[in-house]
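Here is the structure we will look at.
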Amino acid sequence: MTAWTVQQGRTLVLPVEWRAYEGGPLTAVTSVTIEIAPVAGGASVVGPTSTGVVSAGTGLNAYSWAVDAAQDPADYYAIWTATDADDDEVTAVDTVTVVELIPVPGAYATITDLSDVYGSTPANAAMLLVRASRDVDRALLTSVYPVDDDGLPTEADHIEALRWATVEQVIGNLDSGNRTGTGAAPRRSGFTIGKLSVQQAAGAGGASAAQVDRIGPLWSQAWIILQSAGLTGHGPSTWPAGY
Numbered sequence: 000m001t002a003w004t005v006q007q008g009r010t011l012v013l014p015v016e017w018r019a020y021e022g023g024p025l026t027a028v029t030s031v032t033i034e035i036a037p038v039a040g041g042a043s044v045v046g047p048t049s050t051g052v053v054s055a056g057t058g059l060n061a062y063s064w065a066v067d068a069a070q071d072p073a074d075y076y077a078i079w080t081a082t083d084a085d086d087d088e089v090t091a092v093d094t095v096t097v098v099e100l101i102p103v104p105g106a107y108a109t110i111t112d113l114s115d116v117y118g119s120t121p122a123n124a125a126m127l128l129v130r131a132s133r134d135v136d137r138a139l140l141t142s143v144y145p146v147d148d149d150g151l152p153t154e155a156d157h158i159e160a161l162r163w164a165t166v167e168q169v170i171g172n173l174d175s176g177n178r179t180g181t182g183a184a185p186r187r188s189g190f191t192i193g194k195l196s197v198q199q200a201a202g203a204g205g206a207s208a209a210q211v212d213r214i215g216p217l218w219s220q221a222w223i224i225l226q227s228a229g230l231t232g233h234g235p236s237t238w239p240a241g242y
């Protein structure tokens, strides 16, 4: 049994493996369905259904659960059912914990998004996310993409790109020693002889590693995410005289 966690309003891909016996080879099955039901009891929120269940190869299936933004935060069972080569019914069960989505005003990502990728939660996570979101906005100053009345992206690919670019920007800042999101801390090298200590900034003799790994205001991983979503390379337009 695998335990999964997902936020309200997010999509979770649930995989399943069908094996001939525990630890054995993958085996073909048919009539694969999934049901998602509260652990505490009550009506199922998904299925049982085969709609949306995809095959990723022999003995491998997956289902993408688009969790409703108003889904009750609780524990759920993901119950898989299939028919094996002997025409017997086989099952597999995982657990899914739906957690409340707590937005950070002014940020494209949540604290949970950051914690899931970084592995821990910085003490000033909300501030870091807001400042990283400003960096993303600055990088996209001349980009053109659909937004709502609040200036937020409306297309799913763009929403995801801005979210994860923001997370990568925070992580890049933290890894560089920038704990406030306002500017990277200088990396220093030096030596000590007795009571004499000499320190030199790593960038004094050329570009630092931090400078090399940045594209404009963004760390390269954040930039790559935006680039892959088609959100970069939108230069300002000019119009001929008379228009």
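Numbering-wise (numbering that gives the first Met the number 0), the sequence shown opens with residue 0 and increments by one. Here a beta-carbon is modelled for each residue, glycine too, at the ideal position from N, C-alpha and C. Because the structure is a prediction, the values reported are computed rather than measured.
Backbone CA spacing between residue i and residue j [nearest angstrom]
i, j, result
"Gly8", "Glu99", "9 Å"
"Arg162", "Ala61", "24 Å"
"Gly232", "Gln226", "8 Å"
"Val116", "Thr141", "29 Å"
"Ser175", "Pro121", "14 Å"
"Arg137", "Ile101", "24 Å"
"Arg213", "Asp134", "12 Å"
"Ala55", "Thr181", "44 Å"
"Gln6", "Val66", "8 Å"
"His157", "Gly105", "16 Å"
Close-in-space but distant-in-sequence residues of the same chain around residue i (CB under 6 Å, 5 per side omitted)
i, result
"Ala91", "Val15 and Trp79"
"Val45", "Ile35"
"Thr57", "Leu25 and Ala27"
"Ala206", "Interpretation of Ala206 is limited by its pLDDT of 45, a score under 50 that renders its predicted location unreliable; no figure is taken from the coordinates."
Own chain partners of residue i with C-beta closer than 8 Å, once the 5 adjacent residues on each side are dropped
i, result
"Asp87", "none"
"Pro47", "Thr32, Ile33, Glu34, Ile78 and Thr80"
Of the residues the options, the one placed nearest residue i, counting alpha carbons only
i, options, result
"Ser49", "Ala36, Thr32, Pro145 and Thr165", "Thr32"
"Ile224", "Glu159, Tyr107 and Val5", "Glu159"
"Tyr76", "Thr82, Ala68, Asp83 and Trp64", "Trp64"
"Asp83", "Ala19, Val169 and Arg178", "Ala19"
"Ala73", "Gly51, Pro47, Gly40 and Ala81", "Gly40"
"Leu11", "Tyr107, Thr94, Gly171 and Asp149", "Thr94"
"Val89", "Glu21, Tyr107, Tyr144 and Ala55", "Glu21"
"Pro37", "Gly23, Ser30 and Gln70", "Gln70"
"Val143", "Ser114, Gly51 and Gly229", "Gly229"
Spatial neighbours of residue i in its chain, beta-carbon cut-off 7 Å, leaving aside the 5 residues before and after
i, result
"Val53", "Asn60 and Ala61"
"Gly4", "Note that residue 4 is Thr in the sequence shown here, rather than Gly. Excluding residues within five positions, the ones whose Cβ falls inside 7 Å are Thr96 and Val98."
DSSP state of residue i mapped onto helix, strand, coil
i, result
"Arg130", "helix"
"Trp262", "Residue coverage of the chain in this structure runs from 0 to 242, which leaves residue 262 outside it and unanswerable."
"Asp93", "strand"
"Gln6", "strand"
"Tyr76", "strand"
"Asn60", "strand"
"Val116", "helix"
"Ser49", "coil"
"Trp218", "strand"
"Ile35", "strand"
"Arg137", "helix"
Is it the case that the region 112-128 contacts the region 212-223, given that we only count it when at least three CB pairs across the two stretches are under 8 Å? They do not touch, by the three-pair rule.
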